[in-house]
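Quick note, the numbering used here runs 165 ahead of the 1-based positions in the sequence shown.
Note that the Cβ used here is the ideal one computed from N, Cα and C, for glycine as well.
Computed from a predicted model, the values in this text were never measured in an experiment.
Inspection log for the structure reproduced underneath, given as structure tokens.
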Amino acid sequence: MSENPRSVRHRSGTGTRAVTLPLALATAAAALAYGAAPGTAAPAGHRTAAAPLAVPPAAAPAASAAPAWATATADGFASVDALGQNGTYGGRDGAIVTVRTQAELERYATAAEPYVIVVAGAITMNPVGKEIKVASDKTIVGSGTSGHIVGGGFFLGQGVHNVIIRNLTIRDAYQGIWNDKDHDFDAVQMDGAHHVWIDHNDLRNMADGLIDVRKDSTYVTVSWNEMSHNNKTFGIGWTENVLTDITIHHNWIRETEQRNPSTDNCAHAHLYNNFLEDTPGTDITSSYGNYSRGGTRMVLENSYFQGFRDPVIKDATATVVQRGNVFSGTSGRNESGGTAFDPRTYYAYTPDAAANVPSLLKSGAGPRGSIGTTAAAGTVEAAATTLTVAKDGTGQYTTVQAAVNAVPANNPSRVLISVKPGTYRETVQVPSNKPHITVQGTGGSRKDTVIVFNNAAGTPKPDGSGTYGTSGSATVTVQADDFQARNLTIANDFDERANQSLAGHQAVALRTAADKILLDGVIVEGDQDTLLLDTAAKERLGRVKVTNSYVVGNVDFIFGRATALIDRSVITLKKRWDGSSAGYVTAPSTAAGRNGILIANSTVNGDVADRTFHLGRPWHAGGDASLDPQTTVRDTYLSAAVRTAPWTDMSGFSWKDDRFAEYRNTGPGAGSASTDRPHLTDAQATAQTVNTWLGDWTPTAS
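Take a look at the structure:
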């Protein structure tokens, strides 16, 4: 990256995934030890990892027990026998089917028969705001963290019962009007339904409510969900009858304004172990927390309220019994009074200590990778496709790019490109319409399989159409979501000494411009601008996790606008082409309101002079003053190479106007807090952790 602002071009967009019927799943794995990078010691926390092997052809499904997630039953009021229904178990008595399109989802969700419906991918609703009318006896569950309903949701009408909605992300029906009166687009709406369990979902950015439990819907449990970035969170009631029985527990409600929840005329409302968080300095401010309205009787216990205004309020006609709650930084009304009920009269439960609720929910709420992904009786799941690359011709392809080219457009499931040891001198482009690709070296060390090329920003293109530019210089460019790389080296070996006549020496090894990128056990090596962590467009989210890896370079060699977590890795500082020691580790270009670069539990070292490297500087790409670059370095060993004032300005922008901080670093390069070296407080550090940085995405190796 140069010292002057520059623009980076992108191609954006992801193609629609093809519809496939479920196929059989067969997997095999072998232990593969990662080797250390040249001249460095493996950092603490390095491990061996399973390497997927080629899988045999799918076989007919064997008779076996269905996985636990397909037979799971609700707790709380949804577990109570009433109205002719014995608890809530969804579609466990029906077939397990996998859907990837709106048409498939509607077909099974509206059917008369029971079904367990596995959503394996993102389904965009047409028209925007459509709510699929779910029939009784259904389980709708996301496959791992991949099941998304985009721009719409679900409707459960009068008399619909025994429905489970689990492990889904339901998002983005918002129409740009904050208190929208014209678009009743909810994530889940119930009008007169009963025995419903909403569990482990991520609900956000809808036009109206995230959950509406209306018109005497009852025997409902809402548990372990993350509800965020919305005006109206969760409304219950809107009837003169006092009939609704509802349990709301272990939900993380954050960055929401009202109805958190609002309970109107609930006969029994049991709220426990919820975390209501209003983060200061954001555009969304809470107007109130838990609200007991009308004839509601509420029991509120062992919940945690952080920063909320009016955390607990009640009407004169309603009751609230509080016990064991924690209020931190709250203000305004915090009310209780009257008598309510004993939840244990209806069901057993064991609340967690309120003090543990924030950490418990930050790590446990929302979709889980373990739900919805196990092969079951009566189903055949998609087998991973394996393509083998070998320079000596013993594989299907001799170049990595040829294997990428062979992946069908809009592939709906994982493709493993297995690369045998060797040096592959080529550039590799993974286009946006080829998601779910893993590129993995098969050698005993990540040094054994190397993808390398030597383009730089100033290198002329062979067709005479100009130079590559920084982003175009990348040896490997990834524009497809859900990409993974393991057990290999990606390098740019551009020779700066031999090319002093070229105008641009930025030479990218790896550029990512997509979401949900996992780099596990790799070496990314270059000099200037080694690792470009980008997004498909300024307004698009791009998240990257780098773990158990090495990143090597000297100038701005971890940079870009992505939300990036570098965990348990080694950042190796490298001398310049002329033998001098001077450089910058990070150059974030983060959009305002987003997380930038977090380096945690890692090591920063290298064979360079003491006090010669900055940890970072703010890159306002193209001179864009609206950006808010961010780098945090925490719980990391810093060698003496790190400057005592570790942050510096760039291209007229002061680092002090952006977001740069440290927390609990060690080593001779660490230092105490000062105006030139800001440290996070303990409270600030709780929002900048490995478990929270990437939001609703929990990376898992595939």
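Query                                                                                                                            : Result
Runs of beta strand (DSSP E) lying entirely within the stretch 487-519, each at least 3 residues, in chain order                 : 491-493
Anticipated Cβ contact below 8 angstroms, T796 with G781, distance rounded                                                       : 4 angstroms
Limits of the unbroken beta strand (DSSP E) element including S393                                                               : E391 to G402
Those residues which DSSP pairs with F618 across a bridge                                                                        : N657
With 16 other Cβ atoms within 10 Å as the buried cut-off, status of I736                                                         : buried
Cβ shell of N467 (< 8 angstroms), same chain only, five flanking positions each side left out                                    : Y437, N438, R488, G489, N490, P516, D517, A518, A519 and V522
Span separating the alpha-carbon of T450 from that of A530                                                                       : 22 angstroms
Beta carbon of Y715 nearer than 8 angstroms to that of S746                                                                      : no
Contact check, A372 vs L321, beta carbons under 8 angstroms                                                                      : no
C-alpha gap between T851 and D448, whole angstroms                                                                               : 20 angstroms
Contacting residues, own chain, Cβ-Cβ under 6 angstroms from W858 (five flanking each side not counted)                          : L730, N760 and L763
Between the CA atoms of G502 and N390 - distance to the nearest angstrom                                                         : 28 angstroms
Terminal residues of the alpha helix (DSSP H) in which V565 lies                                                                 : V565 to A571
Sequence-distant residues of its chain with Cβ nearer than 6 angstroms to T412 (five each side left out)                         : G241, F242, T386 and H435
Near the ligand ZN: N467 beta-carbon under 7 angstroms from a heavy atom                                                         : The ligand ZN is absent from the structure shown, which contains no ligands of any kind.
Closest residue to V807 among T428, T854 and K739 (Cα-Cα distance)                                                               : K739
Helix, strand or coil at R662 according to DSSP, with G and I counted as helix                                                   : helix
T603 - partner residues in DSSP beta bridges                                                                                     : L581 and Q649
Assigned secondary structure, Q340 (DSSP; H/G/I helix, E/B strand, else coil)                                                    : coil
Buried versus exposed, by CB contacts within 10 Å (16 or more), S630                                                             : exposed
Inter-stretch contact (C-beta, 8 angstroms, three-pair minimum) for the stretch 297-304 and the stretch 554-568                  : no
Cut-off 6 angstroms between Cβ atoms - residues of its own chain near S388, not counting five sequence neighbours on either side : D364, H414 and H415
8 angstroms contact criterion, which S767 and T801 should meet: CB distance rounded                                              : 5 angstroms
Alpha-carbon spacing of Y469 relative to I335, whole angstroms                                                                   : 25 angstroms
CA-to-CA distance, D775 to N455, given in whole angstroms                                                                        : 55 angstroms
Touch test, the stretch 661-673 against the stretch 699-706, Cβ-Cβ under 8 angstroms, three pairs minimum                        : no
Integer Cβ distance of Y511 from V245, believed to fall under 8 angstroms                                                        : 6 angstroms
Same chain, Cβ closer than 8 angstroms to T875, neighbours up to 5 away in sequence not counted                                  : In the structure as shown, the chain starts at 166 and stops at 867, and residue 875 therefore has no counterpart that could be examined.
Closest Cα partner of Y339 within the set D356, G608, L368 and V328                                                              : L368
Alpha-carbon spacing of T863 relative to V284, whole angstroms                                                                   : 17 angstroms
According to DSSP, residues forming a beta bridge with W362                                                                      : I329 and T386
Cutoff 8 angstroms; reference D699; Cβ partners in own chain excluding five residues on either side                              : V173, H175, S636, R676, T677, A678, G707, G725, R726 and A727
Exposure of Q693, with buried meaning 16 or more beta-carbon neighbours within 10 Å                                              : buried
Distance between V584 and G278 (C-alpha atoms, nearest Å)                                                                        : A small fix is needed here, since residue 278 is Glu in this sequence, not Gly. Going from the Cα of E278 to the Cα of V584 covers about 46 angstroms.
Segment contact flag, the stretch 643-661 with the stretch 820-827, C-beta cutoff 8 angstroms, min 3 pairs                       : no
Cβ shell of G472 (< 8 angstroms), same chain only, five flanking positions each side left out                                    : E442, D443, T444, P445, S451, S493, G494 and T495
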